[in-house]
Amino acid sequence: MKSLSITLILLVALLINCGNEQMLVTAQCEKVLHGGGCKPDECSKGCRAMFGAAAMGLCFFFQKPNDTCLCRYHC
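Rendered as structure tokens:
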């Protein structure tokens, strides 16, 4: 009976953890591509050209809306 309960505990632990692989969180770097106005499509294309296909460009406002293009990419 004791071996059955240990086996049952191991089986339950396996079922709980099955398919729940830990996600690897990679560091994100940020760099300002340009200021003085930002169009979302232009910003995204510029960031991808400079930092690769996984990069994304975001328009942020520091002084007025959509004034700065910020690139986020894997370091």
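Taking mature numbering (1 follows the signal peptide of the UniProt record, and there is no 0), I'd label the letters of the sequence shown as residues -21 to -1, 1 to 54. Where is the CB? At the ideal position from N, CA and C, for every residue including glycine. All figures in this text were calculated on a predicted structure; none of them were measured in a lab.
query                                                                                 : result
Residue closest to Ser23, alpha-carbon to alpha-carbon, out of His13, Cys50 and Gly14 : Cys50
Short Cβ contact (7 Å threshold) for Gly36 with Cys26                                 : yes
Whole-angstrom distance between Ala28 and Cys38, CA atom to CA atom                   : 16 Å
Through-space distance from Gly14 to Ala6, alpha-carbon basis                         : 24 Å
Three-state secondary structure (DSSP) of Leu3                                        : Low local confidence applies: a pLDDT of 46 at Leu3 is under 50, so the model's placement there is unreliable, with the coordinate-based value given in what follows. Coil.
Minimum C-alpha distance to Lys18 - residue among His53, Pro44, Gly31 and Tyr52       : Pro44
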